Each structure stands twice: as structure tokens, then as C-alpha cells.
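A.B. asks: Take this structure first; my questions come after.
See the structure below:
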């Protein structure tokens with residue numbers, strides 16, 4: 288499905304990002320949720336997005352053009368990172384500005400670690416997306432790390448927490464970067480959404 292993917296550049300501010308009108312699919316999640324690994328798996332490029340066991344590796348908005356049709360955008364993670372509080376606040380400010388003002392953002396993919404029970408920081412971030420009207424889906428990552436019974440339990444708990452504030456659940460995907468689980472449904476969603484956005 289992906290025939291060509293090209294790294295376009297890394298940008299600090301939304302105003303520096305490409306302005307050719309192509310739809311964008313941005314990836315975000317808590318630090319070390321497996322964001323870069325998932326992007327690499329989707330694109331079948333081992334080192335396309337830089338991965339690291341150190342939280343906070345992604346510090347800029349990294350743009351990749353897919354088939355000259357849409358962009359994948361690797362955003363800085365939120366939460367813990369081995370950088371100063373000032374730098375974390377700067378990332379957060381720029382990311383929120385991107386989410387709130389980027390008109391070509393088709394969908395934000397919010398990555399959630401399926402190995403742990405619902406985290407307050409993830410739920411608060413999703414609440415903020417609702418308040419700002421940002422279109423998003425939820426992508427559970429690392430589904431290969433734990434027994435499926437544990438994974439399904441954690442996902443069920445997350446849904447229960449969301450339904451305390453949301454009338455309906457967003458679209459949900461389950462993925463494993465290592466085993467490539469969930470790759471095809473996620474790519475299909477992005478290509479179909481990008482197609483609809485360009486009509």
C-alpha cells in the first residue's frame with residue numbers, strides 16, 4: 288500500500304510545516320509508548336523514525352510524505368522525558384498549537400500502551416482533544432508484550448473510563464510494531480480518510 292515514503296523535515300513550530308495542503312496523520316502518546324516503532328512498522332522502514340529506550344527522543348515535529356498523497360507526522364510525546372521542565376513545556380505548547388490550528392490535520396492517532404491500566408495523563412490529554420475539537424482515534428500499542436487476557440482487560444478498562452465523559456467511543460486500533468499486528472487496518476483507515484479529505 289505504501290509505495291514511497293520520503294522524510295521531508297523536522298520543524299519546531301506549526302508555522303514552519305509544509306503548506307501544500309496534503310492531509311496529515313499525526314502520531315502522539317506518552318513518552319516511550321512505542322510511537323516511532325509503530326511508524327517504522329507501518330512503513331516497513333527500520334530506521335525511518337528514530338527509536339530509543341530513553342523517553343523524549345522525539346523533540347521536533349517530523350514529517351514523512353507517503354505516496355505523495357498524505358503526511359505522517361511524528362510529534363513529541365507528552366509526560367515524562369529526560370529533559371528539563373522548560374523544554375517539556377515548550378514541546379507541549381508547540382504541540383497544542385499544532386493540534387488546535389493545523390487545518391490539514393485529518394486525524395490525530397493517540398497511542399496508548401496496552402500493557403498497563405488507564406493512566407490519568409492519557410485520559411486528561413484525550414479530554415483536552417475533545418474540548419478543542421481535534422479529530423482523533425486511539426491506537427493501543429505493544430499488544431505482543433503481555434498475555435491477551437491482560438491486554439483485553441486493560442483496553443476494556445480504558446473504554447469504561449472514556450465512557451464516563453464521552454457519549455461514544457472513538458475508532459480504536461490494536462497494534463504490535465514487532466509482530467506487525469493491526470498494520471493493515473490502520474493503513475487502510477489512513478488511505479481512505481486521506482482519499483475522503485481530497486475529494
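In this note's numbering, the protein residues as written are 288 to 486.
Every residue, glycine too, gets a C-beta built ideally from N, C-alpha and C.
These numbers come from a predicted model, not from an experiment.
1. Where do the N-terminal and C-terminal ends of the beta strand (DSSP E) with residue 461 fall, by residue?
2. What residue from 426, 386, 396 and 476 has the CA that sits closest to residue 463's CA?
3. Excluding five sequence neighbours on each side, which residues of the same chain lie with their C-beta closer than 8 angstroms to the C-beta of residue 347?
4. Please classify residue 417 as buried or exposed, where buried requires at least 16 other C-beta atoms within 10 Å of its C-beta.
5. Under 8 angstroms, do residue 292 and residue 353 count as touching if we go by C-beta distance?
6. Could you check whether the stretch 438-450 touches the stretch 474-484, counting it as contact only if at least three pairs of C-beta atoms, one from each stretch, sit closer than 8 angstroms?
7. Just checking my contact of residue 400 with residue 429 at CB under 8 angstroms: how many whole Å lie between their CB atoms?
8. Taking just the CA atoms, how far does residue 381 sit from residue 472?
9. Identify whether residue 382 lies in helix, strand or coil by the three-state DSSP scheme.
10. Measuring CB to CB, does residue 466 end up less than 8 angstroms from residue 431?
11. Go ahead and label residue 445 buried or exposed: buried means 16 or more other beta carbons lie within 10 angstroms of its beta carbon, across all protein chains shown.
12. Use the C-beta contact count for residue 394: other C-beta atoms within 10 angstroms, 16 or more gives buried, fewer gives exposed.
13. Tell me whether residue 310 is buried or exposed, calling it buried when 16 or more other Cβ atoms sit within 10 Å of its Cβ.
14. Taking all protein chains shown into account, do 16 or more other C-beta atoms lie within 10 angstroms of the C-beta of residue 483, making it buried, or fewer, making it exposed?
15. Could you give the C-beta distance for residue 384 and residue 306, rounded to a whole number, given that I count them as a contact under 8 angstroms?
16. Let me make sure I understand the geometry here. Which of 461, 481 and 486 has the alpha-carbon closest to that of residue 321?
17. Taking only the alpha-carbon atoms, compute the straight-line gap between residue 328 and residue 289 and give it to the nearest angstrom.
18. Which residues does DSSP list as the beta-bridge partners of residue 487?
19. Enumerate in chain order the residues of its own chain whose CB-to-CB distance from residue 391 is below 7 angstroms, with the five nearest sequence positions on each side excluded.
20. Which two residues bound the contiguous alpha helix (DSSP H) that contains residue 323?
C.D. replies: Per the coordinate set shown:
1. 459-461
2. 426
3. 297, 298, 299 and 363
4. exposed
5. yes
6. no
7. 6 angstroms
8. 30 angstroms
9. helix
10. yes
11. buried
12. buried
13. buried
14. exposed
15. Contact flag wrong, Cβ pair sits at about 16 angstroms.
16. 461
17. 11 angstroms
18. Here the chain has residues from 288 to 486 only, and residue 487 is not among them.
19. 308, 309, 310 and 311
20. 322-330
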